[in-house]
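J.: Could you have a look at this structure, given as structure tokens, before my questions?
Residue numbers (the working numbering): -12 to 437.
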């Protein structure tokens, strides 16, 4: 095997520590993005709640009469990152009026700079470090997930590919939501895998807590939470039916835990979203509509896919070819300050594997992913319930992303990065293992002939 299972366990910690250092070391160099201004602006909710102690400033106002721009941002986005950034700002002595304004996307960099929309550098770097720490935690949890679902060698390689993925690094290091987004995603996956292994009450509770946290981190994580819940529910039902215990007391107990799991997830989400407390049953429909309007506005402004063929090409470009993207608005290429930041970032040696983006790289990656998926589906060494969980996660999220992503934005494909590197790493492991066995077999034959 490429990475023997007899390697000491302390090596896992060393490997993850090295990858963590790599993530954190490049944080100061990552090029600026306008959404960082907006997220830091949103951090004022922390001050409203925990310094002023005024819940009314964040509660949903159905008349939209109080700070409508703040409310729109509050409802459209997750709360984990902006709460952390607000806590950092408060601890450093910033008050709401000291914070920058949100980025004005229809105006240029010079205008935004003149009108206090570029964040204070000290606060920006602190927020970036907080996001990068969450990304590092996501990588550690991802390692554990792959290790318990597939195998340890694949976990080593998959985690490295994840950490070296350019778009993961670009977005996860920035003071945006992607660090907490990926952390929440990984927590749900690991909790789902642990539940399928343990089937204890605490595992159901853990999955519920992780689901609530993940959706609070970024709303699109609702898809991952739904897929994992579906996989866990079906696996529980199927295994009970196969063992003829589904109608027994034990089967009923396992089935009964599924509803409390959803209740716990909803309660955790509500706890982390005070704005929802005024209208918890109305807001899901309102927010779905708001996010649909936001996507339509982005497509109208920048331009989206015009055909299904373009969607497939974009999917291939940003998922398999791993085309990295520093900005989504073309005019940002004209900003000298951003160009200089990109050059410094790539010259630092901390920007990840910048060898993707080509058709050949995409084809190789696609081939490896296909090999990994087929082998996993047929791999009897992996429990059927675990295989089902991993494949439902990968296939379900891939199909949803392909069908629902209207824009050629690498950030919208980011949740597929761990899915892809899992399959690629698994394929590399099985191919190299097969090659190693052949080499050993031939060497043994030669020894016998000698």
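Even for Gly, the Cβ is constructed at its ideal location relative to N, Cα and C.
(1) Going straight from the alpha carbon of residue 419 to that of residue 138, what length do you get?
(2) Run the CB neighbour count on residue 336, radius 10 Å, all protein chains shown included, and call it buried at 16 or more, exposed below.
(3) Within 8 Å, do at least three Cβ pairs link the stretch 254 to 271 to the stretch 191 to 200?
(4) Taking DSSP as the reference, what is the three-state secondary structure of residue 39?
(5) Output the boundary residues of the alpha helix (DSSP H) element that contains residue 164.
(6) Use the C-beta contact count for residue 14: other C-beta atoms within 10 angstroms, 16 or more gives buried, fewer gives exposed.
(7) Quick one: residues in its chain with C-beta nearer than 6 Å to the C-beta of residue 416, no 5 flanking neighbours on either side, listed in chain order?
(8) Can you tell which of 306, 99, 348, 380 has its C-alpha closest to the C-alpha of residue 319?
(9) Let's see if you can read the secondary structure: which residues bound the alpha helix (DSSP H) around residue 303?
(10) Would you report the Cα separation of residue 363 and residue 369, rounded to the nearest angstrom?
(11) Could you tell me if residue -3 is buried or exposed, where buried requires 16 or more neighbouring beta carbons within 10 angstroms of its beta carbon?
(12) Considering only residues of the same chain and omitting the five flanking positions on each side of residue 170, which have a CB-CB separation below 6 Å?
(13) If residue 66 and residue 203 are in contact, beta carbons under 8 Å, what's the gap, nearest whole angstrom?
(14) Could you tell me how far apart the beta carbons of residue 58 and residue 49 are, in whole angstroms, since I believe they sit closer than 8 Å?
(15) Please state if the CB of residue 172 and the CB of residue 132 are separated by a distance shorter than 8 Å.
(16) Can you tell me the Cβ-Cβ gap for residue 180 and residue 127, rounded? I've got them flagged as a contact below 8 Å.
(17) Going by beta-carbon coordinates alone, are residue 115 and residue 76 separated by less than 8 Å?
(18) For residue -5 and residue 1, what's the separation of their Cα atoms in angstroms?
(19) Roughly how many angstroms separate the alpha carbons of residue 147 and residue 7, rounded to a whole number?
(20) When burial is assigned at 16 or more other CB atoms within 10 Å of the CB, is residue 272 buried or exposed?
(21) Give the secondary structure of residue 375 by DSSP, where H, G and I count as helix, E and B as strand, and everything else as coil.
(22) For residue 396, which residues from the same chain have a beta carbon less than 6 Å from its beta carbon, with the 5 sequence-adjacent residues on both sides left out?
(23) Should residue 310 go down as buried or exposed, given a rule of 16 or more other Cβ atoms within 10 Å for buried?
(24) Out of 185, 189, 211, 259, which has the shortest C-alpha to C-alpha gap to residue 223?
(25) Might you give, ordered along the chain, the residues of its own chain that have their beta carbon closer than 6 Å to the beta carbon of residue 218, omitting 5 neighbours on each side?
(26) Go to residue 139, then tell me how far its alpha helix (DSSP H) extends in each direction, as first and last residue.
(27) Could you compute how far the alpha carbon of residue 233 sits from the alpha carbon of residue 245?
(28) Under the rule that 16 or more other beta-carbon atoms within 10 Å means buried, what is residue 276, buried or exposed?
(29) What do you get for residue 195, buried or exposed, if any count of 16 or more other CB atoms within 10 angstroms of its CB means buried?
(30) Could you check whether residue 68 and residue 164 sit closer than 8 Å to each other, using their CB atoms as the reference points?
(31) Contact defined as beta carbons within less than 8 Å: I believe residue 384 pairs with residue 402. What is the distance between those atoms, to the nearest angstrom?
(32) Which of the three DSSP states, helix, strand or coil, is assigned to residue 345?
(33) Tell me the rounded alpha-carbon separation between residue 62 and residue 381.
(34) Which value, in whole angstroms, describes the spacing of the CA atoms of residue 349 and residue 307?
(35) Tell me which residues share the same chain as residue 209 and place their Cβ nearer than 6 Å to its Cβ, disregarding the 5 neighbours each side in the sequence.
T.: The structure says:
(1) Here residue 419 refers to the residue found at position 432 when the chain shown is read from its first residue. Here residue 138 refers to the residue found at position 151 when the chain shown is read from its first residue. Residue 419 and residue 138: Cα-Cα distance of roughly 14 Å.
(2) Residue mapping note: residue 336 aligns to position 349 of the chain shown, counting from 1. By the neighbour-count rule (16 or more Cβ atoms within 10 Å), residue 336 is not buried but exposed.
(3) Judged by Cβ distances under 8 Å, the stretch 191 to 200 makes contact with the stretch 254 to 271, as three or more pairs qualify.
(4) Counting from one through the chain shown, the residue named residue 39 turns up at place 52. DSSP places residue 39 in the coil class of the three-state scheme, outside both helix and strand.
(5) Stepping through the chain shown from its first residue, residue 164 is reached at position 177. Looking at the DSSP string, residue 164 is not in any alpha helix (DSSP H), and its letter there is neither H nor E.
(6) Here the question's residue 14 lines up with position 27 in the chain shown. Only buried fits residue 14, as 16 or more other CB atoms lie within 10 angstroms of its CB.
(7) The residue labelled residue 416 in the question sits at position 429 within the chain shown. For residue 416, the CB contacts under 6 Å within the same chain, skipping 5 residues up- and downstream, are 140, 141 in chain order.
(8) On the chain shown, position 332 is the one that residue 319 refers to. Closest in C-alpha terms to residue 319, from the list 306, 99, 348, 380, comes 99.
(9) Mapped onto the chain shown, residue 303 falls at position 316. In the DSSP annotation of this structure, residue 303 is not part of any alpha helix (DSSP H), being labelled neither H nor E.
(10) Locating residue 363 in the chain shown gives position 376, counting from the first residue. Locating residue 369 in the chain shown gives position 382, counting from the first residue. Taking the straight line joining both Cα atoms gives about 8 Å.
(11) The sequence position of residue -3 within the chain shown is 10, counting from 1. Around the C-beta of residue -3, fewer than 16 other C-beta atoms lie within 10 Å, and the residue is accordingly described as exposed.
(12) Your numbering for residue 170 matches position 183 in the chain shown. The residues 121, 124, 125, in chain order, have a CB closer than 6 Å to that of residue 170 in the same chain once the five nearest residues on each side in sequence are set aside.
(13) As a working mapping, residue 66 is identified with position 79 in the chain shown. As a working mapping, residue 203 is identified with position 216 in the chain shown. That pair is a contact at about 5 Å.
(14) Position 71 of the chain shown, counted from the first residue, corresponds to residue 58. Position 62 of the chain shown, counted from the first residue, corresponds to residue 49. Not confirmed; about 10 Å, so no contact.
(15) Translated into the one-based positions of the chain shown, residue 132 becomes position 145. Translated into the one-based positions of the chain shown, residue 172 becomes position 185. Residue 172 is positioned such that its CB atom lies no closer than 8 Å to that of residue 132.
(16) Counted from its first residue, the chain shown places residue 180 at position 193. Counted from its first residue, the chain shown places residue 127 at position 140. Going by Cβ atoms, the distance from residue 180 to residue 127 rounds to 15 Å, so no, they are not a contact pair.
(17) Taking the chain shown and counting its residues from 1, one reaches residue 115 at position 128. Taking the chain shown and counting its residues from 1, one reaches residue 76 at position 89. No, the Cβ-Cβ distance between residue 115 and residue 76 is not below 8 Å.
(18) For the purposes of this step, residue -5 is taken as the residue at position 8 of the chain shown. For the purposes of this step, residue 1 is taken as the residue at position 14 of the chain shown. C-alpha separation (whole angstroms): 10 Å.
(19) Position 160 of the chain shown, counting from 1, holds the residue named residue 147. Position 20 of the chain shown, counting from 1, holds the residue named residue 7. Going by the C-alpha atoms only, they are around 10 Å apart.
(20) Walking along the chain shown from the start, residue 272 turns up at place 285. When all chains shown are included, residue 272 counts as exposed.
(21) Taking the first residue of the chain shown as 1, we reach residue 375 at position 388. Here residue 375 sits in helix by DSSP.
(22) Within the chain shown, residue 396 is the residue found at index 409, counting from 1. So the list reads 315, once near-sequence residues are dropped.
(23) In the chain shown, residue 310 corresponds to position 323, counting from 1. Buried, since its Cβ has 16 or more Cβ neighbours within 10 Å.
(24) The count along the chain shown starts at 1 and reaches residue 223 at position 236. The shortest C-alpha to C-alpha distance from residue 223 to any of 185, 189, 211, 259 is the one to 185.
(25) To locate residue 218, count along the chain shown from 1; it is residue 231. The beta carbon of residue 218 sits closer than 6 Å to those of 375, 376, 379, all from its chain and outside the five residues before and after it, given in chain order.
(26) Residue mapping note: residue 139 aligns to position 152 of the chain shown, counting from 1. Where residue 139 is concerned, the enclosing alpha helix (DSSP H) stretches over 139 to 150.
(27) Mapped onto the chain shown, residue 233 falls at position 246. Mapped onto the chain shown, residue 245 falls at position 258. The predicted position of residue 233 is uncertain, since its pLDDT is 48 and thus under 50; a value taken from the coordinates is nonetheless stated next. Straight through space, the alpha carbons of residue 245 and residue 233 are spaced by roughly 14 Å.
(28) As a position in the chain shown, residue 276 is number 289, starting the count at 1. Counting the other Cβ atoms within 10 Å of the Cβ of residue 276 gives fewer than 16, which makes it exposed.
(29) By 1-based counting over the chain shown, the position of residue 195 is 208. Residue environment: residue 195 is assigned as buried (16 or more neighbouring CB atoms within 10 Å of its CB, all protein chains considered).
(30) In the chain shown, counting from the first residue as 1, residue 164 sits at position 177. In the chain shown, counting from the first residue as 1, residue 68 sits at position 81. The answer is yes: Cβ separation under 8 Å.
(31) Start at 1 with the first residue of the chain shown, and residue 384 comes out as number 397. Start at 1 with the first residue of the chain shown, and residue 402 comes out as number 415. Residue 384 to residue 402, Cβ: 6 Å. Contact.
(32) Taking the first residue of the chain shown as 1, we reach residue 345 at position 358. If DSSP states are grouped into helix, strand and coil, residue 345 belongs with coil.
(33) As a working mapping, residue 62 is identified with position 75 in the chain shown. As a working mapping, residue 381 is identified with position 394 in the chain shown. When rounded, the distance between both Cα atoms is 28 Å.
(34) On the chain shown, residue 349 is found 362 positions in, with the first residue counted as 1. On the chain shown, residue 307 is found 320 positions in, with the first residue counted as 1. Approximately 5 Å, taken between the alpha carbons.
(35) Within the chain shown, residue 209 is the residue found at index 222, counting from 1. Contacts found: 202.
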